[in-house]
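Asks: Taking my numbering, I'd label the letters of the sequence shown as residues 7 to 283.
Dumping the structure here so I can ask a few things about it.
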Amino acid sequence: MFSFLDMINSSLSYFNLDVKLKSRIYIGIATLGDIYLVYVTFRLFMNHVWMRAFLYCLAMVAITYFLYLNFVYYFLGRTSKLDYFSPRFAKITGQKFGNTEPKDNGQQQLAQVMANQSNGLFTGDNTIPAVVKIDSYEQHNLQEVVNQLVDNGIFANDFNGLDDNQVIDKYSETGKPVQALNTNAVPPYFELVHDKIRHRLEIYIGINQMERRAVGHIIRIGLTDVRDAHQKYRIYLAGLLVTDGPNKIPGRRGSTILTTADYHLQAQVAYRERDER
């Protein structure tokens, strides 16, 4: 019986199945094995093989308990109050257990405001979107800085807490890949520098000013060419977001595919007439 169940279990590895679906199939297979174990235990008690029957009974109780926990998690989408082991095991392995829901909008907005405070606060009436161009050298720098921020826990690459099924639903709604980098990815340090040699406004970001890198340059402010705007106004970098990068798209049979893509920048600039103080 167990050999037959093990054969089914091994055969599933040849198919590209969704993690949740595969887990549900495993629960079904384990349930069949547990039912067979109940039968064997009952027969051992009937034949007065007490020690072996008792050991089989303990195994049956343990398997049934874990089957119950997995059923609640994978079929009902929640955790059980009787789950005493997962939180302790998570502490040992360093994994997070419990609330994995993404932050609500209020928390995200607060985090974005706190991040922008390092560069000052600007009112929306005095800011305007800017178009940023990134060459190959700047793209390499941007990739390095993002990796550093992810390694230090400042940026998160967890698809905003979405699992594969939610990623597929999101793609169905928007028709766009779901980026790994969480939204509101504001670097802790950013500034705008006038490169007088190449006559362009260069964007620098980093984990701090000492480790800043050039990651892009502004080519247009609103509908105005950046050189014309810079001659008439003093330009300040009011806000900056890192976007795009690696993302997921739907694959076959409810799975997802991780694809690579370049990072981009969304910049917001403030301006002031040059004759103003």
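Where a beta carbon is used, it is the ideal one built from N, C-alpha and C, also for glycine.
All values derive from a computational prediction rather than experimental measurement.
Whether or not the stretch 206-224 and the stretch 134-151 are in contact is what I'm after, with contact meaning three or more pairs of Cβ atoms, one per stretch, closer than 8 Å; do they touch?
Replies: yes
Asks: Output needed for Val199: all residues of its chain with C-beta closer than 7 Å, excluding positions within five of it in sequence on either side, in chain order.
Replies: Glu208 and Tyr210
Asks: So, are the CB atoms of Thr249 and Gln274 less than 8 Å apart?
Replies: Not a contact, by the Cβ cut-off of 8 Å.
Asks: Quick one, which of Ala267, Gly228 and Thr262 has its alpha-carbon nearest Tyr177's?
Replies: Thr262
Asks: Closest to Tyr79 by CA distance: which of Ile41, Phe51, Ile33 and Tyr42 is it?
Replies: It is Ile33.
Asks: I think Glu150 touches Arg219, with their Cβ atoms under 8 Å apart; what is that distance to the nearest whole Å?
Replies: 7 Å
Asks: Determine the extent of the beta strand (DSSP E) in which Val192 is found, giving its start and end residues.
Replies: In this chain, Val192 is not harboured by any beta strand (DSSP E), its DSSP state being neither H nor E.
Asks: Can you give me the C-alpha to C-alpha distance between Gln114 and Asn188, rounded to a whole angstrom?
Replies: In this predicted model, Gln114 has a pLDDT of only 49, less than 50, meaning its place in the structure is not dependable; the value taken from the coordinates is given anyway. For Gln114 and Asn188, the distance between alpha carbons rounds to 10 Å.
Asks: Check whether the Cβ atoms of Gly251 and Ala276 sit closer than 8 Å, and answer yes or no.
Replies: With respect to Ala276, Gly251 sits apart: the two C-beta atoms are not nearer than 8 Å.
Asks: What's the C-alpha gap between Val152 and Phe161?
Replies: 7 Å
Asks: In terms of DSSP beta bridges, what is Gln185 paired with?
Replies: Asn253
Asks: For Lys254, does the count of other Cβ atoms within 10 angstroms reach 16, so buried, or fall short, so exposed?
Replies: buried
Asks: Skipping 5 residues on each side, what residues in its chain have a beta carbon closer than 6 Å to that of Leu75?
Replies: So the list reads Ser86 and Asp89, once near-sequence residues are dropped.
Asks: Are the Cβ atoms of Leu50 and Arg58 separated by less than 8 Å?
Replies: yes
Asks: Excluding the 5 residues preceding and the 5 following Glu279 in the sequence, name in chain order all residues of the same chain whose CB lies nearer than 8 Å to its CB.
Replies: Lys238, Tyr239 and Arg240
Asks: Return the bridge partner residues of Ile69 from the DSSP annotation.
Replies: Answer by DSSP bridge pairing: none, since Ile69 is not bridged.
Asks: Can Asn163 and Val173 be called in contact, C-beta distance under 8 Å?
Replies: no
Asks: Within the continuous alpha helix (DSSP H) that includes Ala136, where are the two ends?
Replies: First-last for Ala136: Thr133 to Lys139, but that is the beta strand (DSSP E), not the alpha helix (DSSP H).
Asks: Tell me whether Leu50 sits in a helix, a strand or coil according to DSSP, three-state version.
Replies: Correct three-state label for Leu50: helix.
Asks: Can you round the beta-carbon distance between Met66 and Leu38 to whole angstroms, since I take them to be within the 8 Å contact cut?
Replies: 13 Å between Cβ atoms; not a contact.
Asks: If distances are taken between C-alpha atoms only, which option among Ala244, Leu243, Asn53 and Glu197 comes closest to Ile213?
Replies: Glu197
Asks: Output yes or no for whether 8 Å exceeds the beta carbon distance between Leu247 and Ala186.
Replies: no
Asks: Hey, how far is the Cα of Asp231 from the Cα of Thr133?
Replies: 16 Å
Asks: If you follow the alpha helix (DSSP H) that His223 is in, where does it begin and where does it stop?
Replies: No alpha helix (DSSP H) contains His223, which is instead part of the beta strand (DSSP E) from Arg219 to Ile227.
Asks: Tell me whether Phe165 is buried or exposed, calling it buried when 16 or more other Cβ atoms sit within 10 Å of its Cβ.
Replies: With 16 or more other Cβ atoms inside 10 Å of its own Cβ, Phe165 counts as buried.
Asks: Does DSSP put Thr230 in a helix, in a strand, or in coil?
Replies: strand
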